[in-house]
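Q:
Laid out in structure tokens, this is it:
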């Protein structure tokens, strides 16, 4: 009996430790931690595209004329809006010569900004310099047109 309890306790500790590692890896609502996460911890180019928005697509202002959207597993596993907390959506924004001009990111952070779906927005240069972050009125204003789709413009939930 003692051996069984010891194994159960050990398995519980391993499970809790593993969950702690996963939670610790998620970035906070901070541009520096998000940049580190999407470029080093979990490189976003290894993520997938929305199933209905694959590869490089035509874009429009204020983003580039072309773009490609990457979504982490948490976001891709969300079957309907609102998406799960921890969802990260990254958009590479290109000019007509297909040169990367900006990287825009949405991160779903519980309690961050309930009026705007709890999304944290950030726009980076290709080298990671922050252009704007947090609750930019322009981002929220445009994405608010799709509030019922959890502020997500380029994916239709079925």
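Residue numbers (this note's numbering): 4 to 161. For glycine and all other residues, C-beta sits at the position ideal for the given N, C-alpha and C. None of the values given here were measured: they were computed from a predicted structure.
#1: Let me know if residue 126 comes out buried or exposed under the rule of 16 or more other beta-carbons within 10 Å of its beta-carbon.
#2: Compute the beta-carbon to beta-carbon distance between residue 90 and residue 111, rounded to the nearest angstrom, for a pair I have assumed lies under 8 Å.
#3: For residue 84, which residues from the same chain have a beta carbon less than 8 Å from its beta carbon, with the 5 sequence-adjacent residues on both sides left out?
#4: Going by Cα to Cα distance, which pick from 88, 141, 109 and 68 is closest to residue 97?
#5: From what residue to what residue does the beta strand (DSSP E) around residue 124 run?
#6: Tell me, to the nearest whole angstrom, how far the beta carbon of residue 72 is from that of residue 92; I am working on the premise that it is less than 8 Å.
#7: Under three-state DSSP, which class holds residue 50?
#8: Roughly how many angstroms lie between the CA atoms of residue 87 and residue 101, to the nearest whole one?
#9: Quickly, what does DSSP pair residue 105 with across the bridge? List them, please.
#10: How would you call residue 107, buried or exposed, if buried means at least 16 neighbouring beta carbons within 10 angstroms?
#11: Quick one: is the Cβ of residue 119 within less than 7 Å of any heavy atom of the ligand SAM?
#12: Here's the rule: buried if 16 or more other CB atoms are within 10 angstroms of the residue's CB, otherwise exposed. What is residue 94?
#13: Quick one: what's residue 91 bridged to in DSSP?
#14: Which residues in the same chain have their Cβ closer than 7 Å to the Cβ of residue 139, if we skip the five residues on either side of it in sequence?
#15: In this structure, does DSSP put residue 135 in helix, strand or coil?
A: In this structure, then:
#1: Answer is buried; the Cβ neighbour count reaches 16.
#2: So it is a contact: roughly 4 Å between Cβ atoms.
#3: Exclusion of the five residues before and after residue 84 leaves 151, 152, 153, 155 and 160 as the residues of its chain whose Cβ lies within less than 8 Å of its Cβ.
#4: Looking at the Cα atoms, 68 is the closest of the given residues.
#5: Boundaries of the beta strand (DSSP E) harbouring residue 124: 122-127, taken from the DSSP string.
#6: Between residue 72 and residue 92, the beta carbon gap of about 6 Å places them in contact (Cβ cut-off 8 Å).
#7: In the three-state DSSP reduction, residue 50 falls in the coil class, being neither helix nor strand.
#8: About 32 Å.
#9: Residue 105 has 96 as its beta-bridge partners, per DSSP.
#10: By the neighbour-count criterion, in which a residue is buried when 16 or more other Cβ atoms sit within 10 angstroms of its Cβ, residue 107 is buried.
#11: The model on display carries no ligand, and the ligand SAM is accordingly not part of it.
#12: Counting Cβ neighbours within 10 Å, residue 94 comes out buried, since at least 16 surround it.
#13: Beta-bridge pairing links residue 91 to 110.
#14: Result list for residue 139: 124, in chain order.
#15: In this structure, residue 135 counts as strand in the three-state DSSP scheme.
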